[in-house]
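Student: Just so you know, the protein sequences line up as chains A, B, C and D, in that order. Numbering follows the working numbering, with no gaps: position 334 of the first sequence is 728. Numbering follows the working numbering, with no gaps: position 274 of the second sequence is 668. Numbering follows the working numbering, with no gaps: position 1 of the third sequence is 391. Numbering follows the working numbering, with no gaps: position 139 of the fourth sequence is 529. All C-beta atoms, glycine included, are put in the ideal place defined by N, C-alpha and C.
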Amino acid sequence: MRISTKFAPRKADDGKPLTCTTDTDLKREQLLDLYRYLKLTRLVEERLVNLYRQTKVVGGVFRSLGQEATAVGTAYALGQQDFITPLIRDLGAVLVKGIRPRDVFAQYMAKAWGPSGGRDLNIHFGDMERGFIGPISHLGDMIPVMTGILLGARMQNKSIVGVAYIGDGGMSTGAFHEGLNFAAVQRLPLIIVAEYNHYAYSTPTSLQTACRDLAEKAVGYGIPATIVDGNDVVACYEVMKQAADFARRGGGAVLIEAKTYRRKGHAEHDDQRYVADGEIEWWEKNNDPIDRFERYLLDQKVANQEKLDEITAGVIREIDEDCDWAESSPMPQPEEAAYRVFDNEIVPPSLRPKVLEN
Amino acid sequence: MRISTKFAPRKADDGKPLTCTTDTDLKREQLLDLYRYLKLTRLVEERLVNLYRQTKVVGGVFRSLGQEATAVGTAYALGQQDFITPLIRDLGAVLVKGIRPRDVFAQYMAKAWGPSGGRDLNIHFGDMERGFIGPISHLGDMIPVMTGILLGARMQNKSIVGVAYIGDGGMSTGAFHEGLNFAAVQRLPLIIVAEYNHYAYSTPTSLQTACRDLAEKAVGYGIPATIVDGNDVVACYEVMKQAADFARRGGGAVLIEAKTYRRKGHAEHDDQRYVADGEIEWWEKNNDPIDRFERYLLDQKVANQEKLDEITAGVIREIDEDCDWAESSPMPQPEEAAYRVFDNEIVPPSLRPKVLEN
Amino acid sequence: MSTAVKKEHKSAPPERGGPATLVEAIRQGIWEEMERDPTVFVIGEDVGTYGGAFKVTDGLLDQFGRERVIDTPISEGAIVGAACGAALMGMRPVAEFQFIDFISAGFDLLTNYAAKCRYRWGAGLPAVFRGPCGSGVRSGPFHSLNAESFFLNTAGLKIVEPSTPYDAKGLIKAAIRDPDPVLYFEHKKLYRLPRLREELPAEDYIVEIGKARTVREGRDLSIITFGAMVLTALDAAEELEKEGLDIEVIDLRTLAPFDKAAIEASVKKTNKAIVLHEASRTGGIGGEIAATIAEEAFEWLDGPVLRVASIDTPVPYSPPLEDYYLPQIKDVVDAARKLAAY
Amino acid sequence: MSTAVKKEHKSAPPERGGPATLVEAIRQGIWEEMERDPTVFVIGEDVGTYGGAFKVTDGLLDQFGRERVIDTPISEGAIVGAACGAALMGMRPVAEFQFIDFISAGFDLLTNYAAKCRYRWGAGLPAVFRGPCGSGVRSGPFHSLNAESFFLNTAGLKIVEPSTPYDAKGLIKAAIRDPDPVLYFEHKKLYRLPRLREELPAEDYIVEIGKARTVREGRDLSIITFGAMVLTALDAAEELEKEGLDIEVIDLRTLAPFDKAAIEASVKKTNKAIVLHEASRTGGIGGEIAATIAEEAFEWLDGPVLRVASIDTPVPYSPPLEDYYLPQIKDVVDAARKLAAY
Ligand SMILES: Cc1ncc(C[n+]2csc(CCOP(=O)(O)OP(=O)(O)O)c2C)c(N)n1
Ligand SMILES: Cc1ncc(C[n+]2csc(CCOP(=O)(O)OP(=O)(O)O)c2C)c(N)n1
Ligand SMILES: [Mg+2]
Ligand SMILES: [Mg+2]
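(1) Taking its Cβ as the centre, do 16 or more other Cβ atoms sit within 10 Å of Thr-439 of chain C, making it buried, or is it exposed?
(2) Between the Cα of Pro-726 of chain B and the Cα atoms of B:Thr-468, B:Gly-511, B:Ser-398, which residue gives the shortest distance?
(3) Does the beta-carbon of Pro-538 of chain B have 16 or more other beta-carbons within 10 angstroms, so that it is buried, or is it exposed?
(4) With three or more beta-carbon pairs closer than 8 Å as the criterion, would you say the stretch 684-703 of chain D touches the stretch 716-730 of chain D?
(5) Name the one or two DSSP bridge partners that Ser-553 of chain B has.
(6) Quick check on DSSP: helix, strand or coil for Arg-436 of chain A?
(7) Decide if Leu-745 of chain B is buried, meaning its Cβ has at least 16 other Cβ atoms within 10 Å, or exposed.
(8) So, helix, strand or coil for Ser-670 of chain C, using DSSP?
(9) When you compare each of A:Lys-505, A:Ile-530, A:Thr-706 to Glu-730 of chain A by their alpha carbons, which one comes out closest?
(10) Near Pro-403 of chain D, what residues of its chain come up, given a Cβ to Cβ distance below 8 Å and the 5 sequence neighbours on each side ignored?
(11) Quick one: what's got a C-beta closer than 6 Å to Arg-457 of chain A's C-beta in the same chain, skipping five residues either side?
(12) How long is the line joining the alpha carbons of Arg-513 of chain A and Tyr-615 of chain B, rounded to whole angstroms?
(13) Looking at ligand 3, does it come within less than 7 Å of Ala-487 of chain A, judged from the CB to the closest heavy atom?
(14) Helix, strand or coil: which one does DSSP assign to Thr-622 of chain C?
(15) How about Arg-528 of chain C: is its C-beta nearer than 8 Å to some C-beta of chain B?
(16) Helix, strand or coil, according to DSSP, for Lys-400 of chain C in the structure here?
(17) Within 7 Å: the Cβ of Asp-718 of chain B and any heavy atom of ligand 4?
(18) Would Ile-719 of chain D count as contacting chain C if we go by Cβ distances under 8 Å?
(19) Quick one: is His-663 of chain B buried, meaning 16 or more other Cβ sit within 10 Å of its Cβ, or exposed?
(20) Could you check whether the Cβ of Asp-562 of chain A sits closer than 7 Å to any heavy atom belonging to ligand 3?
(21) What residues of chain C sit near Gln-636 of chain A, judged by a beta carbon separation below 7 Å?
(22) Tell me which same chain residues have a C-beta within less than 7 Å of the C-beta of Lys-445 of chain C, skipping the five on either side of it?
(23) Name the two residues that bound the continuous alpha helix (DSSP H) containing Ser-700 of chain C.
(24) Going along chain D in order, which residues have a C-beta closer than 7 Å to the C-beta of Gly-677 of chain C?
(25) Looking only at C-alpha atoms, which of A:Phe-401, A:Glu-423, A:Arg-430 sits nearest to Thr-416 of chain A?
(26) Using a 10 Å radius around the Cβ and a threshold of 16 neighbouring Cβ atoms, would you call Gln-448 of chain B buried or exposed?
(27) Does the distance from the C-beta atom of Val-627 of chain A to that of Pro-683 of chain A stay below 8 Å?
(28) Would you please verify whether the beta carbon of Ala-545 of chain C is less than 8 Å from any beta carbon of chain D?
(29) With DSSP run on the structure shown, which of helix, strand or coil describes Arg-417 of chain C?
(30) Mind listing which residues of the stretch 448-469 of chain B have their C-beta closer than 9 Å to chain C's C-betas, in chain order?
(31) Among residues of its own chain, excluding the 5 on either side of Pro-480 of chain B, which ones have a beta-carbon nearer than 7 Å to its beta-carbon?
(32) Residues of chain D with a CB under 9 Å from the CB of Glu-685 of chain C: which are they?
(33) How many Å lie between Val-484 of chain C and Gly-455 of chain C at the Cα?
(34) Measuring from the CB of Arg-656 of chain B, is there a heavy atom of ligand 4 at a distance below 7 Å?
(35) Under three-state DSSP, which class holds Asp-419 of chain A?
(36) Specify the secondary structure class of Thr-464 of chain A as computed by DSSP and reduced to three states.
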């Protein structure tokens, strides 16, 4: 059945270090833009870890270290009008969609100026203008929600595609099945990015599915699939470009499986005792998506090291600024907790009752 | 991928009427036994319709008219120790597993002597000795339950297989996905019988799945599948025999798709306005599973018409007797409603409170 | 083969107003809202060609087409999720559960996504989730649910249950126009009950969510109830009248947020209250209401707030069992007598 | 590659008795039951190699092997269903939800299959469903749930929530030995709270399901509560003592079926009651308890039964918001003062 492997991971020729596919029309500006987003993602996360260690981040920090290319590359192929619903580890896609680091910092620090005003954490918010629907914790649930976004868009004659990211673990949920199946039946332009990053918390993919490739799951929904090297940012861009074209032209849903690797634990506290010896080090050394892309940019003479350093410096400036901004935000006022469950013009806020005051 | 079509439906040669596959080792006694169960199923249902028209059946009646071979043939390949969890339309499998018509009659009539004592309806009960786990209404939910049966059996070193029946509609549920996926990962001997009977209530299969064959869904679980002519009782037996052998030997889960057709509405009240003209009549005339099997038995000289009539007469006697027995049962005592929510030795029955009696 | 349609079946559009049963009233309400507002659409299992298991959406497909009348796979999670997503886009979905019992399979998305969306990031979800609820029709443990208690402790969901055609139509319209998610429960026993048939206005109207209705005024004792139990309360009130007891009956109509003011006003007048509902007693909405009365009208109470409800079991199938399970007129009468004598 | 294990990591088996936190007590309980009874097994996400997100099942895999310590896919429905099926076969599953919030995805099978099985055909389901619940740890709307109210109106499920290591161990053992499905909620804030650390007996013991515990005796007013709020109640009681108020604190321990006799006995003694819980007020278990008191101990009440609970919103993430959301010691003190002055 229709599983394309054109951009699937390949062994490097005779021990040469891995780079990225050259099979692309991406312009220099775009390539450098991709680089900027990769660095932005990694460095925002590193800053979050710092803030976490300073106990300024209130909840957990979830890293995408080693898998940034999947989120960045796929999201970069979308238009402003297209929608994404990412996983916690798809910060890169969120940034590409135009969410500013300041919003992410403020959210993590539970600040009043964060987009949820301190009500929810990390990337659990949304921005309809930018086509960003933040996830909830419950894995799988965003798949049917995205199906509904596309159903609504179709009724409004909007020509958009919707991308829902899901993990090797999240695909085991009933919600994933129901949402994708319904989208497939309705031939909605839903693109699933299935992230094969080897683990769901501590659970290896072999305990999530008896399939070898997540792409095989597409067959049961009657939709086409592609396997992509998730650590090749250019390849990720290319497969999404094709998938989005296909879906936008009325082809219906598509599944992209991105093969990548989660180098950090599930969250900062995870000791990764379940990981085989040397595995992480192997990926770090041989298959880091940013290393690979840097090598590519240099090899292909898209940029020299100076240019790359300049980009990185710009990224750091942005992060510093945004982080300062977020730190300067106050915490929310306590009573704010009571507001906005419903439209408060109709149902009053749920203020803490004064005891027997009447 | 591994979808076997050896026993899939075939066009009859040059307009000859359909019969059944001859590719079988079934003995004469067994073939006649199959015939008995087919007739028993059909005639028990007809009796239920009569009782329904006499308003003796309290709830609805759900017919398997035209698809009896799927349930009967597949269940007949199982051992006493094996488990089934049928759909409402798999009465044939329930009878093959040794549940007596009297139990079914008493259940439908909400009688005290029914296996649930009037607490639940139709085949919503179970019999652990006979390997029968009655369904609940919520479609899909029995798949994970059967997975658990098999998990338990494995811990007890029991060599059994478990068969879960599911409709083209029920496969769209999240519970189906979660249950089968887990069983596949655990390589449990779960056999799914997916009944492609063209409708889920009024909804055609094309609105349940974008796949052409339900068997394609097996791919996404990493398990093998077979497509069988669900109106060929011998073929249904054969594919289950093979699937059960495979599963019992440790091969893991299997999916059997049975192509059949639901000739009656969802339940007795359904006017089937959604069915295309002539469709039902076509199936009735050309592809009735009992007609086909009768033709087979006569063609193959397994029996003559007299023998078949004799079997049918026996079936009717059994039904008369069992129906009388069920009719003679009292209705349950009202207070019985309060008992057996919990083990009543620990938690007292929930008797209706006497108002302010203290 | 199966896509062609058998007969030239075409369901008549509903009347505007006129005499209507509960099911007709709901159908009128949805139909009119779909005509009025192109963002309103219907989604659920068998809601299209078949017109819904109880024919609430009958004829909508012919009138409004496949884009706005969507037959789904058997996937309650997808129905809820898709309704949420479409609502985010500015649509106003009316999602049907074939029986409210199947809401359990949409519970996750309802309580986690639908209920919390506005709170989390300000995105209101104007979606209606409706379906047939209730027992007393010999449907057994899986087709008889009263589901309100599942959702009472999850902030962010409104819950409505009408007991008359007038309210049914007014409330479905209000629910569709509401900026937040509304669960709309329809007691299947009332759908076609001739006793309820009543004349509806020809003009557009709504019934405000959050407002109870005094069905019967009385001075001696308040019965607070809703849904099919309104009839039980009225029948009990009539019997009690013969004994000289003047019973007030309040139909909550909205279960979340329920009308505290109306309840309190009634109880402050009668000083005695019975809460009557069809779900099991323990953990039912009766506890919340009784506790509220006992807390906020304590000084006006001349007796305990009594709850009359179903026993704490699944809903049994067999008539004698189900009758025992359910609160009967006699149970209400008994409770009222005892309380009156207090 | 990913199946080999990195370090020679081996978790120590638990002590028998000795000083223990809540999490250690639960681990001891499960461990001992697995040793005692070969039908007991553990199933859930990351319960094996990782030992569970909160390490409740740490070390079980090494001790009891993959057959009895089963890492599942992310499929709460399958976890519940599989536990039910295995229980039908005579096994005694202990199923973990990684956070109790994810029980919503198992809600359908819990309320429909697990709860109703014995009633429908006499098949008891001795299964335990457990996991970390509760708020106050800055985990936001999806990792802070108190789920008891979801299940109170579904007959057939027992619900337990311990507030001390002793009770935690005794109740998990009782739950595992119980012939019916038990939901066992563990407040994550209490897991490792040093304040709770206590000496456990070395001998086997259980704490009977259905029995409350008087944590503090008093004459003036009863606070009925459970879980982490027991500490809030005790702290409030201490403060109130300074004002000469003698507060009784009842820890329900079992939420379904809850110990009416103990509550009534206490209220008949103190004549005043506060119900305190952590979930939102409306639709919370407090309504059920308050209504029961107001109904069955009406004549003993010298004031309304007050409920102190969280406000009716999702659980917000930011500390000032969550603190406002949650009932604080001060709220309990205020309520008690007012009620005492009644
Ligand atoms: C329905 C549900 N069950 C359990 C969890 C707890 N949980 C959070 S992340 C996680 C693992 C996710 O793995 P995967 O889907 O592969 O995504 P990854 O973390 O690898 O990006 C689990 C089990 C959850 N969030 N939702
Ligand atoms: C979860 C769930 N949703 C809805 C229903 C209502 N319902 C009962 S039968 C049915 C159609 C079933 O179709 P299928 O699975 O194809 O089985 P068939 O009736 O064809 O045997 C529906 C929608 C249900 N029983 N369970
Ligand atoms: Mg993963
Ligand atoms: Mg079907």
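Tutor: According to the structure shown:
(1) buried
(2) B:Gly-511
(3) buried
(4) yes
(5) Ser-553 of chain B is not bridged to any residue.
(6) helix
(7) exposed
(8) strand
(9) A:Lys-505
(10) Trp-421, Gly-449, Gln-453
(11) Glu-439, Lys-658
(12) 39 Å
(13) no
(14) helix
(15) yes
(16) coil
(17) no
(18) no
(19) exposed
(20) yes
(21) By Cβ distance, chain C contributes nothing, its closest Cβ being about 24 Å from Gln-636 of chain A, past 7 Å.
(22) Val-413
(23) Taken as a continuous stretch (DSSP letters only), Ser-700 of chain C belongs to no alpha helix (DSSP H), being part of the beta strand (DSSP E) at 696-700.
(24) Gly-677, Glu-678, Ala-681
(25) A:Phe-401
(26) exposed
(27) yes
(28) yes
(29) helix
(30) Val-452, Gly-453, Gly-454
(31) Ala-465, Ala-487, Val-488, Ile-517, Pro-529, Tyr-559
(32) Ala-680, Ala-684, Pro-694, Val-695, Leu-696, Arg-697
(33) 15 Å
(34) yes
(35) coil
(36) helix
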